[in-house]
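Engineer: In the order they appear, the protein sequences are chains A and B.
Each residue of the first sequence is one higher than the one before, starting from 520 at the first, in this note's numbering.
Each residue of the second sequence is one higher than the one before, starting from 84 at the first, in this note's numbering.
C-beta: ideal position from N, C-alpha, C; glycine also.
Structure below; questions to follow.
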Amino acid sequence: MKTLALIALIAACSPDRGPRWREAGATTPRAGGTLRIASQTAITTLDPAVAYDETSIAAIHMMVDGLVGYAVDSTAVEPRLAERWDISPDGLTYRFTLRAGLTYADGKRIVARDFERALERALAMKDSPYGSHLAGVAGAQAVLEGKTTDCTGIVTIDDRTLELRLTAPNAAMLYELAMPFAAPLTEESLAGAPLRRGPLPSGPYELVEWDEGRRIELVRRAHYHDPTRQRIERIVLLENVPRDLQFMMFERGELDAAERLTASDLRWIQQQPAWAPHLKTRALMNAFGSRMNVREKPFDDKRVRQAMNYAVDKQRIVKLLTGTAVSSHGVLAPGAFGRDDTIAPYPHDPAKARALLAEAGYPDGFSLDYMTLADEEAEKLAVSLKADLAAVGIDMSITQVTFSAFADAISKPTGPKFSIVTWVGDFPDPLSLLDPLFHSRYIAEENATNFSFFKNTELDGILDAARGETDLAKRAALYKRAERILYDEAPWIWGYHQLMTEVTHPYVRGYQPHPIWVRDYTPAWLDLGADGERVER
Amino acid sequence: MLACVSRVRRETRRSALIGAILVVVLVGLGVITPGDPHTLEVDRGLSELGLPLPPSADSPLGTDHLGRDVLARIAAGASTSLGVATLATLLALSIGVAVGLIAGYAGGWVDRVLMRTVDLVLAFPFLLLAILLASLLRESGLTTSSAPVVLTLALAGWTTMARVIRTKTMTLARSELVIAARAIGASPLRIVVRHLLPNVASVVVVVAVLGFAQNILAESVLSYLGLGPPPPDPTWGRMLYEGRTFYRTAPHLVLAPGLAIVIAVIAFNLLAEGLRGLVAEDRADYR
């Protein structure tokens, strides 16, 4: 009886009244208020040249600006601290002109030399993952090798003009400069307190306090050139808050947003009419799938690789991941530059898979091992894959390993011939996905990133041409051709892209998860009552 | 007076009976294990939205987040939990009985040293000690078996048994029974094994069953904290942990293992209660 009463009690709680607070109803964005958010992981460093994890970058991004940045809701590059830039017709020289009257939070002027200092620092720093992004700049190699600290290709013309000279055209140059490591640094900032404890605020917010591992507090800074990027007065980010706890705190009104909802919370909120409009999703620039070593039998035959793709039930995978993924025909996520949206993922067609296997000389299938990770999601996917392959006569066994063992194993041609594969792009360009994953230049005996050891001369040619192509339309067309080739050659079982899910209270307005920046609240504003308090429904 | 005694007897007998029945059901569940606790049923075991299914005719307790049958997992969890608790209790019992008998019979400095050791172990809160031991044993690489949990529970749980048995032994050591045995020249070992042990046996049984109930609860706590037997073997504690995020969309994932733990602990407590009453009655009858 007590059980029934308990069930009845829980059931009675289910129909939800929706958000407790509402938007105050301002017709134009208003300034002020404190935004409280949380992250599952901790901030490891605030040094823009070192930070490489999501939470650190999210915090740093609100404090620093580079020459260029991304548009609010897309990956289009737009001016930030530079007011404009000119690229020479040969694509080798980039000349940036800074906005007039730019200053840091303390009123000190931002000058072109500060950008040169930051870029050269990243190049010279051994523990910076960003130095290699500038490898195409003239003279960068010498700095990377530690022979000098002055990069000849980064030139300060005057206080408001900076020039970058490249050795070859690079279509991703602007994306690389949009990363936080390219934010300006003064001589004093390098001599003073370590940047790890707080960057030099060239962006819309400055640091109030960072209680490491617990919380960081930012406040709108003075003298910023664009007030529309700092409408929220104060931003508090709590670290190390698991996602289910985040959602509970969000419901209680202790947080203004919750990210990466658990399967249960996501499905629940989608079913509540009062909540559903406040749920936001965005495909991130990542790719998940299964890679096949195309040098090894049976994967040396294209028909086998295609058969593997036909055998997999993508709908089931999306269901298993409870709607936090979109299935894909390749590695470029929806919205990515150069993606051919007209290609549909391989249909689930076991009969066709069997026919292709028979054609390739495997009418009775074969057995093989699948290496995957030891986490719950990977396990679910492996079990699903095993069932799909069994249906077309392929007998698959599963080996689970740690991430480091996995990363080491799949980057060698002698590693497992069939395994899970994941890749996250650094910037929104096929250059950070298609090249490292499928260009033959990235095949190596060790530390290869072309995990399927796929070599296709036509594809190599297209990718090389696209890298140096400065006409965007022509470049997009080249990548679409590359996508077709990859789809047909199928070096991976094309999988899915993960979705970012985030829910906000109704008074958080103007916010949309960004495809590159995680938790970028700079365009957002809080629609609070006249007294600065949340308005109850 | 007579009526009162018989009412007490009836009640203790009844609680012993209820406890025993529940224990038999739990053990039966653990032995039979209806269904398959491991297979992921993506197609049949999850809703259209990929969520766990509520209880139905196919799966009386519903399915979990991977589409596995919850009843099958509760049953498999019973076998894991009861197995771990049995081993841990036996181990704790052997330490506790040995220490209790030696301390109680020898007395003097032996007693003082042993009892101060017991105090030392008892000074740590049980859960903290268990968590510390479990993490240490995990570090030692024994992660693929239930051994760390069994050792943890035994090393943290033998002290109560030692104390109770020591007290009982001390009384017995001064009884005519032991004096007589000593008078005819029996060795201390013989006295402990042949005369003391059989006489503390009834207490041992009650203490063991109570300890068993505590071990079931402690094993669930450790599993909830991720320090229990390793996956994929289901345990009630881990099922509770895995189900916690579904408390709203699939409450059966929390209710089923939660109730299983409650029922198991109550069952063993009732049994212990009943046994204690019966032991007391026996003694009264002999007198």
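#1: Report the rounded CA-to-CA distance for A/D907 versus B/A347, giving the unit in angstroms.
#2: Threshold first: 4 residues or longer. Then list the alpha helix (DSSP H) segments lying entirely within the stretch 764-815 of chain A, N to C.
#3: Cβ atoms of A/D983 and A/A690: under 9 angstroms apart, would you say?
#4: Drop a sphere of 10 angstroms on the beta-carbon of A/K993, count the other beta-carbons inside from all chains shown, and report buried for 16 or more, exposed for fewer.
#5: Return the chain-ordered list of same chain residues with a C-beta closer than 6 angstroms to the C-beta of A/I862, the five sequence neighbours on each side being excluded.
#6: If contacts are defined as beta-carbon pairs under 8 angstroms, then A/E965 and A/K931 qualify, I think. What distance do you get, rounded to the angstrom?
#7: Would you kindly work out how many angstroms separate the C-alpha atoms of A/S886 and A/S916, rounded to a whole number?
#8: Give the residues from the stretch 775-787 of chain A that approach chain B closer than 8 angstroms (Cβ to any Cβ), ordered along the chain.
#9: Under DSSP, the alpha helix (DSSP H) around A/A855 begins and ends at which residues?
#10: Which residues, in chain order, does the stretch 141-152 of chain B contribute to contact with chain A at a C-beta distance below 7 angstroms?
#11: How many angstroms separate the CA atom of B/A284 from the CA atom of B/M244?
#12: Check the Cβ of B/L134 against every Cβ in chain A and list those closer than 8 angstroms, keeping chain order.
#13: Grab me the residues of A/M768's own chain with a C-beta within less than 8 angstroms of its C-beta, minus the 5 sequence neighbours each way, in chain order.
#14: Of the residues that make up the stretch 748-763 of chain A, which ones have a beta carbon closer than 8 angstroms to any beta carbon in chain B?
#15: Taking the alpha-carbon positions, what's the A/R632 to A/T574 distance?
#16: Considering only C-alpha positions, which residue in the set A/R858, A/A657, A/H867, A/T800 is nearest to A/G672?
#17: Measuring CB to CB, does A/Y1015 end up less than 9 angstroms from A/V845?
#18: Go to A/T891, then tell me how far its alpha helix (DSSP H) extends in each direction, as first and last residue.
#19: Give, in chain order, every residue of the stretch 806-838 of chain A whose Cβ lies closer than 7 angstroms to some Cβ of chain B.
#20: For A/P608, which of A/V727, A/S651, A/Y623, A/R684 has the nearest alpha-carbon?
#21: Of all the CB atoms in chain A, is at least one closer than 9 angstroms to the CB of B/R321?
#22: Do you know offhand how far A/T1041's Cα is from A/I629's?
#23: Name the two residues that bound the continuous alpha helix (DSSP H) containing A/S903.
#24: So, do the stretch 574-583 of chain A and the stretch 750-758 of chain A have three or more beta carbon pairs nearer to each other than 8 angstroms?
#25: Opposite B/V193 in the DSSP bridges: which residues?
#26: Give the single residue among A/A570, A/Y694, A/G588 whose Cα lies nearest to the Cα of A/R748.
#27: Reducing DSSP to helix, strand and coil, say where A/D819 ends up.
#28: Enumerate in chain order the residues of its own chain whose CB-to-CB distance from A/A472 is below 6 angstroms, with the five nearest sequence positions on each side excluded.
#29: Between the alpha carbons of A/R801 and B/V292, how many angstroms are there, rounded?
#30: Measuring CA to CA, which of A/S721, A/V674, A/I1035 is closest to A/F856?
#31: Within a Cβ cutoff of 6 angstroms, which residues of the same chain sit near A/P853, ignoring the five residues on either side of it in sequence?
#32: Counting only beta-carbon atoms, is A/K627 nearer than 9 angstroms to chain B?
#33: Determine, using beta carbons only, whether B/T95 comes closer than 9 angstroms to chain A.
#34: Assign B/R370 to buried or exposed, taking buried as 16 or more other Cβ atoms, counted over all protein chains shown, within 10 Å of its Cβ.
#35: Using the three-state DSSP reduction, which class does A/H742 fall into: helix, strand or coil?
#36: Would A/L952 and A/L851 qualify as a contact pair, given that the criterion is a beta-carbon distance under 9 angstroms?
Structural biologist: Here's the rundown:
#1: 40 angstroms
#2: 782-790
#3: no
#4: exposed
#5: H848, Y1006
#6: 6 angstroms
#7: 8 angstroms
#8: T781, A782, S783, D784, R786, W787
#9: Looking at the DSSP string, A/A855 is not in any alpha helix (DSSP H), and its letter there is neither H nor E.
#10: H148, L149
#11: 12 angstroms
#12: A782, S783, R786, T841
#13: A557, V760, L774, A777
#14: D763
#15: 29 angstroms
#16: A/A657
#17: yes
#18: That residue, A/T891, is in no alpha helix (DSSP H); its beta strand (DSSP E) goes 886-892.
#19: R835, K838
#20: A/R684
#21: no
#22: 21 angstroms
#23: 895-909
#24: yes
#25: Per DSSP, none; premise fails for B/V193.
#26: A/G588
#27: coil
#28: Given that chain A is displayed from residue 520 to residue 1056, the structure contains no residue 472 of chain A and the question cannot be resolved.
#29: 55 angstroms
#30: A/I1035
#31: A802
#32: no
#33: no
#34: Any reading at B/R370 must be qualified, since the residue scores a pLDDT of 36, below 50, and its modelled position is unreliable; the value itself is stated next. With fewer than 16 other Cβ atoms within 10 Å, it is exposed.
#35: coil
#36: yes
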